[in-house]
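In this note's numbering, the protein residues as written are 581 to 891.
This is how it looks when you write it as structure tokens:
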């Protein structure tokens with residue numbers, strides 16, 4: 581049976597690649613996309629989500645706007661990376677309107693009406709919407725089959741502060757709520773995504789697909805690397821969000837272990853840090869499957885093969 585999923589996202593360059601990969605496969609049934617403020621303000625993330633659907637000739641997919649800011653503090657975006665004229669040049673205008681229902685209410689309604697364990701959530705941005713759903717209707721946490729999160733780090737530490745990864749750091753209070761909710765969580769952290777490098781030959785293979793989506797992804801990945809090169813060097817080629825979808829399609833590409841993850845919310849130095857109890861020194865119960873390794877060649881073979889089916 582096709583796996584039923586909802587994507588919660590803040591597109592964004594790498595989010596766009598993850599959405600396109602989802603739309604390129606038959607194994608996943610995408611019920612809807614919920615936008616959240618993160619890489620860009622909410623008005624841009626929901627619009628970009630609809631434009632990505634138009635690019636893939638799937639304008640019928642419903643897109644919902646969720647939360648416009650983190651739970652406890654002001655929004656700090658990454659517009660210097662994700663707001664690029666090349667994104668506007670590649671993406672067509674949105675071909676369908678934004679859904680009128682709030683994204684958090686869509687999550688709640690969809691999970692409530694489904695059988696327990698029927699729906700997987702894919703979190704490509706801050707966890708604000710999912711935390712709000714859990715706060716409003718706590719029982720929805722028990723309906724989720726799995727929450728696959730691109731976020732956090734252990735041995736790689738941070739990419740937005742010395743201690744924290746962007747998605748978790750942007751709304752650490754939301755992340756703390758979600759990680760304490762009892763939802764089965766799989767984490768795709770920087771420890772994994774820093775192994776997934778968009779090298780020139782890999783980008784060239786995507787461009788050579790000859791379709792508009794392959795060409796667009798080549799532009800997204802090139803732009804993503806150029807925007808981060810001065811700060812991160814070769815790590816600027818790291819590709820983050822599509823690993824969430826690749827994990828659902830081919831989990832054997834990934835390796836990890838069951839751990840406890842706590843989210844730092846108080847310290848001004850380490851806010852948003854994912855404190856991973858790698859050696860079970862605290863005795864706290866396991867609450868996440870934390871991935872540490874990926875077959876990067878297998879990932880890019882999967883990405884390239886699947887994107888070839890898009891227009």
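For every residue, glycine included, the Cβ atom is placed at its ideal position computed from N, Cα and C.
- Cβ-Cβ distances below 8 Å link residue 803 to 593, 664, 666, 667 in the same chain, with the five nearest sequence neighbours on each side left out; the list follows chain order.
- Partner residues in the beta bridge of residue 614, as assigned by DSSP, are 588, 644.
- Look at residue 813 here: in three-state DSSP terms it is helix.
- The straight-line gap separating the alpha-carbon atoms of residue 642 and residue 623 is approximately 16 Å.
- Using a Cβ distance threshold of 7 Å, residue 684 and residue 775 do not count as a contacting pair.
- One Cα belongs to residue 884, the other to residue 604, and the distance between them is close to 10 Å.
- For residue 837, the pairing in a beta bridge is given by DSSP as 870.
- Counting along the chain, no alpha helix (DSSP H) covers residue 673, and no H or E run does either.
- Residue 678 sits close to residue 626, with the two beta carbons spaced by under 7 Å.
- Cβ-Cβ separation between residue 855 and residue 842: approximately 4 Å, consistent with a contact (criterion under 8 Å).
- Taking the Cα positions, residue 649 is about 34 Å away from residue 876.
- For residue 808, the CB contacts under 6 Å within the same chain, skipping 5 residues up- and downstream, are 816 in chain order.
- A Cβ-Cβ distance of about 12 Å is found for the pair residue 853 and residue 769, leaving them out of contact under the 8 Å criterion.
- The three-state reading of DSSP puts residue 729 in strand, counting E and B together.
- Around the beta-carbon of residue 847, fewer than 16 other beta-carbon atoms lie within 10 Å, marking it exposed.
- Beta-bridge pairing by DSSP links residue 583 to 608.
- When rounded, the separation of the alpha-carbon atoms in residue 796 and residue 863 is 47 Å.
- For residue 713, the CB contacts under 7 Å within the same chain, skipping 5 residues up- and downstream, are 684, 687, 688, 720 in chain order.
- When the five nearest sequence neighbours on each side are left out, the beta carbons in the same chain lying within less than 7 Å of the beta carbon of residue 681 are those of 644, in order along the chain.
- DSSP, read as helix, strand or coil, puts residue 765 in strand.
- For residue 878, the CB contacts under 6 Å within the same chain, skipping 5 residues up- and downstream, are 833 in chain order.
- In the DSSP assignment, residue 789 falls outside any beta strand (DSSP E) and carries neither an H nor an E.
- Here DSSP, grouped into helix, strand and coil, assigns residue 702 to strand.
- Residue 772: member of the alpha helix (DSSP H) spanning 770 to 773, first to last residue.
- Under the three-state reduction of DSSP output, residue 845 falls in the coil class, being neither helix nor strand.
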